[in-house]
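Working notes, structure below.
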Amino acid sequence: MRNIKLILLGILFVVLLTYPTQALETNSIMQRMENGFPNQVVVYEQVYNYETPYLSVSATIPQVTMFANNEWEKDFNKQLVDNFNRFLAEVDEVAKKNSDYAGKRNEFTYELLVNYDVKLNRGGLLSLTIRSYYYTGGAHGMTVVDYVNVDLITGHHIHFSDLFESEQDLQYVSQVINERVTEEPETYLIDEFTSDLLDADQDFYLHEDGVMVCFGLYELAPYVAGIQEFAIPTP
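So for the sequence shown, our numbering puts the first residue at 232; every next one is plus one.
Dropping the structure here:
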């Protein structure tokens with residue numbers, strides 16, 4: 232199964248914040264992460280439980296409320312639910328096909344677990360992680376994480392390049408990551424981390440203490456080491 236990620240798409244609109252937008256627009260994302268006031272936006276969960284003879288699903292999908300623009304809110308929430316439903320449909324199809332093939336020899340139920348965390352909800356910024364674990368047989372299941380980072384002022388998805396634009400920025404990030412790689416050589420599959428290992432759409436989430444740069448299973452380390460996260464302090 233391909234490495235599926237739930238990706239936030241579409242045009243987002245301006246939403247209500249706890250203080251005037253004009254003041255926020257003059258601040259950088261980094262400043263707002265560290266010093267911004269809490270947003271009025273509330274994140275709540277939508278629960279899905281799905282059970283068939285061949286597949287068990289337990290999922291909590293983030294939804295938001297208290298946006299000033301109701302259409303934006305509906306579109307945002309619908310996109311997250313639609314992404315989950317597409318993922319569920321693909322896992323369900325694979326599970327059913329393999330179960331039919333195995334017939335009476337099938338001794339296990341496929342499993343899909345989805346949950347989320349609110350990493351930042353302040354300064355006109357919203358950062359969520361949506362973690363999906365699926366087991367389709369073999370020695371262990373797989374976990375993929377989607378990172379949803381939104382600037383509520385502009386209504387735009389925040390990209391890695393919005394935070395680290397220059398070659399100097401990328402060198403700084405690489406240096407921080409490489410320090411841990413060299414300190415824990417037994418953990419990683421590489422001897423050195425360099426800036427060319429950072430993708431243009433590099434995974435990350437926002438935190439009040441800095442940016443967390445993330446790498447999926449097997450990208451930098453064996454499965455047993457899990458998803459790797461590196462805290463990049465504000466320069």
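Even glycine gets a Cβ: it sits at the ideal position worked out from N, Cα and C.
9 Å Cβ cutoff met for residue i and residue j
i: Leu356; j: Asp382; result: yes
i: Ala431; j: Asn346; result: no
i: Val288; j: Val322; result: yes
i: Leu343; j: Phe318; result: yes
i: Lys350; j: Leu448; result: no
i: Asn380; j: Ser358; result: yes
i: Glu302; j: Val295; result: no
i: Tyr366; j: Tyr403; result: no
Local Cβ density within 10 Å of residue i, reported as buried at 16 or more and exposed below that
i: Val442; result: buried
i: Glu354; result: Rather than Glu, the amino acid found at residue 354 in this sequence is Gly. Buried, since its Cβ has 16 or more Cβ neighbours within 10 Å.
i: Phe339; result: exposed
i: Val273; result: exposed
i: Thr257; result: Because the pLDDT of Thr257 is 37, which lies under 50, any placement of that residue in the model is unreliable, and the number read from its coordinates should be weighed accordingly. Exposed, since its Cβ has fewer than 16 Cβ neighbours within 10 Å.
i: Pro453; result: exposed
i: Ser259; result: exposed
i: Asn352; result: buried
i: Pro293; result: buried
i: Gly369; result: exposed
i: Asn471; result: An answer regarding residue 471 cannot be provided, because it is not within the stretch 232 to 466 covered by the chain.
Given residue i as reference, the closest of the options once Cα atoms are compared
i: Thr378; options: Ala320, Asp348, Gln399 and Ile384; result: Note on identity: in this sequence residue 378 is Tyr, with Thr being the wrong assignment. Selected option, being the one with the closest Cα: Asp348.
i: Arg263; options: Val455, Asp440 and Ala462; result: Asp440
i: Ile458; options: Phe395, Thr374, Gln399 and Glu302; result: Thr374
i: Thr283; options: Glu324, Phe435, Arg411 and Gly267; result: Glu324
i: His390; options: Tyr403, Ala462 and Phe435; result: Phe435
i: Gln470; options: Phe298, Ala299 and Ile361; result: Because the chain in this structure spans residues 232 to 466, residue 470 falls outside the shown range and cannot be described.
Backbone CA spacing between residue i and residue j [nearest angstrom]
i: Glu460; j: Val444; result: 6 Å
i: Asn280; j: Thr385; result: 35 Å
i: Thr252; j: Phe446; result: Model confidence at Thr252 stands at a pLDDT of 38, short of 50, so the residue's coordinates are unreliable; what they give is reported in the following sentence. Going from the Cα of Thr252 to the Cα of Phe446 covers about 33 Å.
i: His371; j: Lys328; result: 19 Å
i: Thr425; j: Glu450; result: 14 Å
i: Thr413; j: Glu423; result: 7 Å
i: Leu255; j: His388; result: Low per-residue confidence applies at Leu255: pLDDT is 39, beneath 50, and the placement is therefore not dependable, though the value from the model is reported in the following sentence. Roughly 16 Å separates the two Cα atoms.
i: Pro464; j: Val376; result: 22 Å
i: Ala456; j: Asn270; result: 34 Å
i: Leu428; j: Ile408; result: 11 Å
i: Tyr332; j: Ala326; result: 10 Å
i: Gln406; j: Glu265; result: 22 Å
i: Ala462; j: Glu415; result: 16 Å
i: Ala299; j: Met261; result: 24 Å
i: Gly267; j: Thr418; result: 36 Å
i: Ser330; j: Gln433; result: 36 Å
i: Gln399; j: Met297; result: 39 Å
i: Arg401; j: Ser363; result: The question names Arg, but residue 401 in the sequence shown is Leu. When rounded, the distance between both Cα atoms is 29 Å.
i: Phe395; j: Arg411; result: 20 Å
i: Ala320; j: Leu420; result: 34 Å
i: Lys309; j: Tyr275; result: 14 Å
Residue-level contact to chain B via CB, residue i, 9 Å cutoff
i: Tyr285; result: Among the protein chains of the structure shown there is no chain B, as only one such chain exists.
field: Segments assigned beta strand (DSSP E), at least 3 residues, entirely inside the stretch 359-431
entry: 373-382
query: At which residue ranges does the stretch 255-317 contain complete beta strand (DSSP E) runs of 3 or more residues, listed in the order of the chain?
result: Qualifying beta strand (DSSP E) stretches, in chain order: 273-282 and 286-296.
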